[in-house]
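Scroll down for the structure; my scribbles are underneath it.
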Amino acid sequence: MTFSHIPVLCGEAIEALKIRSDGTYLDMTVGGAGHAEQIVFRLDKAGRLFGFDRDEEAVEAAKNRLAAYDKQITILHENFKNAVSVLKDLGVSGADGILADLGISSHQIDDETRGFSYMKDGPLDMRMDRTQTLSAKDIVNTFPEGALTRIFREYGEERFAARIARAVTKEREKGEIATTGALNDIILQAVPKSARKAGSHPSKRVFQSLRIAVNGELEGLSDCVNEWISFLHPGGRLAIITFHSLEDRIVKQTFRTAQKPCICPPKTPVCVCGRVSAGRCIGTRAIRPSAEEITGNPRAKSATLRIFEKKRENDEWQTEP
Ligand SMILES: C[S@@+](CC[C@H](N)C(=O)[O-])C[C@H]1O[C@@H](n2cnc3c(N)ncnc32)[C@H](O)[C@@H]1O
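Sequential numbering from 154 applies to the sequence shown in our numbering.
Given below as structure tokens:
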């Protein structure tokens, strides 16, 4: 299967990075290298791009797509949680721009053997990194009912979470739930008929929640964002694209906290935290795809881009609250 993925908010993300031709750039989620190609295209011989992905197929696709730039690029099969420490081991001390386009690629959704989609029957897998042991099948067949309810409710914002978890635990007593099709049928049976008609497909939320749980997508995300900000050179930019509100909330809060010079409770008379602002959020609002982009690529619909700029020595805004 060829790797196909249309990069989302591509022009906006590249513009956000303010690319310098001799700079060092990181793509934390290189995927099919749609964004990465636009970055490396703007670099001269002194410029460098490091790309990371936890999916081996994405790493291969990115290496192939960027083969013409092999002197400037390094693409690694690595979870972005380890990216900064890997870069330090390689002798890289900082970056001028960092991009993270979170979530999954169209390639992962469209390949039924990966088990991400409720619309295609396949093994209940959902691992982005296939060297990982935990899969969706393990969660669905072994986690206690209460834990399943929490996953469906917290990561899927599913109002029938408890009913679906009960149906799953009842069904697995008869035999292992091994396929996306089988899970989809159980969800549809568990959700009241009236709710099935209104809004989005109930499996969409449950599958999203399982994907987040399998891949630990929200765990440590805020720490990663802070680490990436620290790794930026003064004036460097971090651009993050998210695809659901849970992730966006984490990015928004982390950026806001990083911007604050002081995080003492409002009633503290004198600052005791001693913090200085790490930089500033760019733009008063997040950037969303245009109607035109959504028409051309409906998967862009839920995308949100947020940008953070690392403080320079003489930036005046650094002293403001
Ligand atoms: C939306 S796609 C990125 C697409 C890419 N920007 C492009 O233009 O083709 C997200 C990618 O991030 C990868 N990914 C998600 N979480 C990751 C993590 N923690 N570490 C590394 N890669 C991750 C997924 O495997 C997927 O390939």
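Here a beta-carbon is modelled for each residue, glycine too, at the ideal position from N, C-alpha and C. In this text, all values refer to a predicted model and were calculated from it rather than measured experimentally.
Helix, strand or coil: how does DSSP classify residue i here?
i       : result
Glu-165 : helix
Gly-369 : coil
Asp-208 : coil
Thr-332 : strand
Gly-247 : coil
Ala-320 : helix
Asp-263 : helix
Asp-242 : helix
Ile-172 : coil
Pro-414 : coil
Pro-276 : strand
Phe-408 : helix
Leu-252 : strand
Leu-202 : strand
Ala-186 : coil
Arg-358 : helix
Arg-402 : helix
Glu-380 : helix
Pro-160 : coil
Tyr-271 : coil
Glu-191 : Looking at the sequence shown, residue 191 is not Glu but Gln. Helix at Gln-191.
Phe-233 : helix
Arg-364 : helix
Lys-420 : coil
Lys-454 : coil
Leu-341 : helix
Leu-219 : coil
Glu-213 : helix
Leu-374 : helix
Arg-312 : coil
Arg-428 : coil
Thr-283 : Note on identity: in this sequence residue 283 is Arg, with Thr being the wrong assignment. Three-state result, Arg-283: coil.
Could you pull the start and end residues of the beta strand (DSSP E) that residue i belongs to?
i       : result
Phe-461 : 457-463
Cys-434 : 432-440
Ile-393 : 385-395
Asp-180 : 177-180
His-230 : 226-230
Along the alpha helix (DSSP H) that carries residue i, what are the first and last residues, could you check?
i       : result
Phe-305 : 298-309
Ser-347 : 346-350
Thr-295 : 289-295
Ile-447 : 444-449
Please determine, among the options, the residue with the shortest C-alpha to C-alpha distance to residue i.
i       : options                               : result
Asn-232 : Asp-249, Gly-204 and Val-245          : Gly-204
Lys-405 : Ser-430, Pro-419, Ser-383 and Thr-457 : Thr-457
Leu-371 : Ile-382, Thr-395, Val-425 and Ala-289 : Thr-395
Pro-387 : Asp-291, Asn-217, Glu-466 and Leu-240 : Glu-466
Gly-309 : Asp-175, Glu-326, Thr-266 and Ser-356 : Ser-356
Gly-432 : Arg-409, Ala-199, Asn-368 and Ile-304 : Arg-409
Ala-220 : Ser-238, Glu-307, His-260 and Gly-185 : Gly-185
Val-423 : Ser-430, Cys-415 and Met-279          : Cys-415
Arg-319 : Gly-334, Glu-307, Thr-333 and Gln-342 : Gln-342
Lys-323 : Glu-311, Arg-312 and Leu-336          : Leu-336
Ala-366 : Thr-182, Asp-249, Ala-289 and Asp-274 : Ala-289
Gly-373 : Thr-155, Ile-251 and Thr-407          : Thr-407
Ser-157 : Gly-187, Glu-400 and Leu-170          : Gly-187
Ala-211 : Gly-256, Ala-169 and Gly-389          : Gly-256
Asp-376 : Phe-194, Met-272, Val-237 and Ala-199 : Val-237
Gly-389 : Leu-229, Thr-295, Lys-464 and Lys-273 : Lys-464
Ser-258 : Gly-427, Ser-430 and Val-161          : Val-161
Gly-200 : Val-425, Thr-227 and Gly-352          : Thr-227
Val-239 : Glu-380, Cys-417 and Arg-459          : Glu-380
Asp-401 : Ile-382, Arg-438, Asp-278 and Leu-170 : Arg-438
Arg-452 : His-260, Pro-419, Gln-412 and Leu-399 : His-260
Leu-301 : Glu-165, Gly-449 and Arg-364          : Arg-364
Ile-159 : Gln-225, Ile-251, Ile-262 and His-230 : Ile-262
Thr-295 : Thr-286, Asp-274, Ala-314 and Arg-325 : Arg-325
Rounded to whole angstroms, how far is the Cβ of residue i from the Cβ of residue j, which I believe are closer than 8 angstroms?
i       : j       : result
Ser-362 : Phe-305 : 5 angstroms
Phe-461 : Ile-435 : 7 angstroms
Asp-223 : Arg-173 : With 8 angstroms as the limit, Asp-223 and Arg-173 do not qualify as a contact, their Cβ atoms being about 21 angstroms apart.
Asp-175 : Leu-202 : With a Cβ gap of about 12 angstroms, Asp-175 and Leu-202 do not count as contacting.
Asn-217 : Met-281 : Incorrect: roughly 19 angstroms between the Cβ atoms, too far for contact.
Ile-393 : Ala-253 : 5 angstroms
Val-183 : Asp-206 : 5 angstroms
Thr-177 : Val-245 : 7 angstroms
Val-293 : Ile-330 : 5 angstroms
Glu-311 : Val-359 : 6 angstroms
Glu-209 : Arg-283 : 7 angstroms
Ala-411 : Ile-382 : 5 angstroms
I want to see whether chain B comes within less than 8 angstroms of residue i, judged by CB atoms only; does it?
i       : result
Thr-410 : The structure shown contains no chain B; it holds only a single protein chain.
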